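Inspection log for the structure reproduced underneath, given as structure tokens.
Numbering (UniProt numbering), first residue to last: 1 to 597.
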């Protein structure tokens, strides 16, 4: 709206000042002009009345009468009329204007004024409004107002009558004077309005241009500039130059910041580590793609909070201690090395930046390096000790009877088979890890394969008081797998599930058709696997708490072999477990993977 703009305010201010000045000046001028005009007219009438009176005092002759008529005629042309009154107040014909109507003199000169004039006292009246009975002028000759001068006629020192001269206000009335002044004031205001609008526009046009340029800059168009009038060097031009200089510097700064932001974004995108930047309130403000993916996984587990619970405790520690924090955290079976550092602004912590690196493989290799010798020595020490002990018993002749010798030989045979199985599994696993696994795909009847594995463990499950449920759809497509190796996968998983499930528990073996893939699931209600052990369960010689094996020791190579067989078929295996509630292994196998093999 124009009234709220600088142009409108400046324009209204100028017009207001001019209007006030003109109104005050008009009132003053109208009063002065009218007063001066009336005073001049009264003076002229007094002079004319004196002339008539002096003429009447002269001796009567023809020249006096002619002169008097000429004077009265000239006065009448100016609407000035003369009346000569006798001693009793009657109108005398000599000296009276010929066109004066027969009127009561009370309408012009009141009786008290007539008496005073006849007593020798001159009277003058600046204006008097003639009003009739109904508020109208009684005599058109007089219009609205009259000016009057009354002079006494004296002869030999005695008053013999009076000369009354009056005129109407038809030529120039007070209203006409005010009207002329009002018209002049209106013309002045109009001219002042045009001038004020032109001046305000001239002044505010550069400001409007700067406002539009500032709005464009606020919208991100930092190339906006204001036109500088080179022919005029005033404050507005200097302001425009300063604005353009500021805009240029701002554009350069924004460009530099944009370049730095792009560089930082490129660095963050190319980093193999997850980077998360948080403000002082714990809100996430900057992340890279790896961190986005990680946060999405954590939110599924930790809730809808902006900062996952796994990081919140470390963030609070950084804010409290104002120093870096280092630690390892485990999420969904992956180990992440966390480094969280405070960010400062004017010696105050304004947030923190966290760097997360996936060190699962590193920790796995460290664990393997530490545990490999111990695991191998542990697995081999027991059968070797037994072989050594029983063989010494034979050598020393401790077993004297044939039955004792046969029992010792049987133990030596079993332990040698166990050592052979361990060595064979190590060799198979070594070949698998080196990529030399050989598959022999053939048509596989999936229901028959799964039910066969279920029958294999049905008796063992009943002996241990465990319910074994096998759920297989009636119709499943034919798969091209290495049947023996897939059976080995199901056997290892089912055997582990039964060994880690307490009496009264349940082991479930299910098959789900997922178009071009088959999902094999082995789920138990056993003791479960601690979260910190999940990243290592598919490694060689991995064993969780030995108490959960219930006296049935294994080699620790079964799950490693399962993983390699499944991956060789182009599938994948994953595990979900919660300690004290059970474990679920899911195997995704394509129906036909002959081209890849």
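C-beta atoms are modelled at their ideal positions from N, C-alpha and C, and glycine is treated no differently.
A quick note: this is a predicted structure, and the numbers were derived from the prediction, not measured.
For residue i, name the three-state secondary structure that DSSP assigns.
| i | result |
| --- | --- |
| residue 419 | helix |
| residue 92 | strand |
| residue 322 | coil |
| residue 224 | coil |
| residue 350 | strand |
| residue 271 | coil |
| residue 361 | helix |
| residue 164 | strand |
| residue 204 | helix |
| residue 561 | helix |
| residue 152 | strand |
| residue 121 | coil |
| residue 576 | strand |
| residue 449 | helix |
| residue 288 | coil |
| residue 469 | strand |
| residue 329 | strand |
| residue 24 | helix |
Ordered along the chain, which non-local residues of its own chain (more than five positions away) have a Cβ less than 6 Å from that of residue i?
| i | result |
| --- | --- |
| residue 415 | 383, 386, 387 |
| residue 333 | 534, 535 |
| residue 240 | 206, 226, 228 |
| residue 530 | 579 |
| residue 584 | 523, 576 |
| residue 26 | 181, 185 |
| residue 85 | 161, 162 |
In terms of residue numbering, what span does the beta strand (DSSP E) encompassing residue i cover?
| i | result |
| --- | --- |
| residue 275 | 274 to 279 |
| residue 589 | 582 to 590 |
| residue 514 | 506 to 514 |
| residue 442 | 442 to 444 |
| residue 483 | Not the beta strand (DSSP E): residue 483 falls in the alpha helix (DSSP H), residues 483 to 499. |
| residue 519 | 517 to 524 |
Output needed for residue i: all residues of its chain with C-beta closer than 7 Å, excluding positions within five of it in sequence on either side, in chain order.
| i | result |
| --- | --- |
| residue 599 | With the chain covering 1 to 597 only, the question about residue 599 has no answer from this structure. |
| residue 558 | 492, 496 |
| residue 45 | 80, 147, 149, 165, 167 |
Roughly how many angstroms separate the alpha carbons of residue i and residue j, rounded to a whole number?
| i | j | result |
| --- | --- | --- |
| residue 324 | residue 342 | 7 Å |
| residue 454 | residue 269 | 49 Å |
| residue 575 | residue 473 | 23 Å |
| residue 70 | residue 112 | 31 Å |
| residue 141 | residue 79 | Below a pLDDT of 50, predicted positions are generally treated as unreliable, and residue 141, at 45, falls in that range; the measurement from the model is reported next regardless. For residue 141 and residue 79, the distance between alpha carbons rounds to 9 Å. |
| residue 98 | residue 194 | 55 Å |
| residue 247 | residue 24 | 49 Å |
| residue 514 | residue 520 | 11 Å |
| residue 598 | residue 121 | Residue 598 falls outside the range modelled here, since the chain spans only 1 to 597, and no answer is possible. |
| residue 586 | residue 220 | 53 Å |
| residue 242 | residue 256 | 21 Å |
| residue 443 | residue 459 | 28 Å |
| residue 295 | residue 309 | 11 Å |
| residue 30 | residue 119 | 37 Å |
| residue 588 | residue 263 | 41 Å |
Along the alpha helix (DSSP H) that carries residue i, what are the first and last residues, could you check?
| i | result |
| --- | --- |
| residue 115 | 111 to 118 |
| residue 82 | Taken as a continuous stretch (DSSP letters only), residue 82 belongs to no alpha helix (DSSP H), being part of the beta strand (DSSP E) at 80 to 85. |
| residue 335 | Premise fails: residue 335 lies in the beta strand (DSSP E), 334 to 345, not in any alpha helix (DSSP H). |
Go through its chain and collect everything with a Cβ distance to residue i's Cβ below 8 Å, but skip five positions before and after it.
| i | result |
| --- | --- |
| residue 461 | 467, 468, 498, 507 |
| residue 188 | 18, 22 |
| residue 315 | 278, 282, 307, 340, 352, 354 |
| residue 133 | Low confidence applies here, because residue 133 scores a pLDDT of 47, under 50, leaving its location unreliable; read the following figure in that light. Same-chain partners within the cutoff: there are none. |
| residue 55 | 64, 67, 68, 71, 95 |
Our contact map puts residue i next to residue j with C-beta atoms below 8 Å; I'd like the distance itself, whole angstroms only.
| i | j | result |
| --- | --- | --- |
| residue 446 | residue 512 | 11 Å between Cβ atoms; not a contact. |
| residue 503 | residue 465 | 4 Å |
| residue 450 | residue 470 | 6 Å |
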